[in-house]
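Residue numbers (the working numbering): 55 to 151. C-beta atoms are modelled at their ideal positions from N, C-alpha and C, and glycine is treated no differently. These numbers come from a predicted model, not from an experiment.
See the structure below:
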């Protein structure tokens with residue numbers, strides 16, 4: 055993977071940590087997957103679980119997701135989630151490198 059600035063590394067770590075904490079607290083999942091991929095000019099992080107998700111279109115005021123979005127936005131990145139109550143949640147993050 056290409057080297058990325060320290061601030062980006064810390065943000066990736068915090069995003070993955072918070073996402074896994076959310077999975078532990080809310081998803082009732084036995085497994086989760088994390089993929090970090092360095093691409094030209096950006097870093098992509100995908101975190102998934104396959105248990106309890108959100109209803110599509112539901113907004114949440116949980117601080118974990120808000121904190122993730124705030125951290126990613128501070129680096130001019132994007133964070134999006136796809137979720138279904140029975141199929142689990144996928145968090146997609148893109149951060150400029």
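Residue 145 places its beta carbon less than 8 Å from that of residue 101. In this structure, the CA atom of residue 124 is about 24 Å from the CA atom of residue 106. Looking from the CA of residue 87, the closest CA among 79, 118, 70 and 132 belongs to 70. For residue 127, the number of other beta carbons within 10 angstroms of its own is below 16, and it is reported as exposed. Beta-bridge annotation (DSSP): residue 128 is not paired with any residue. Annotated as proximal: residue 62 and residue 151, with beta-carbon spacing under 8 Å. Taking residue 65 as the centre and dropping the five residues before and after it, the same chain places the C-beta of 125 and 129 closer than 6 Å to its C-beta, in chain order. For residue 61, there is no enclosing beta strand (DSSP E); the enclosing alpha helix (DSSP H) has its first and last residue at 60-76. Cβ neighbours of residue 89 within its own chain (closer than 6 Å, five residues either side excluded): 100. Ranked by Cα distance from residue 140, the first of 74, 83, 72 and 73 is 83.
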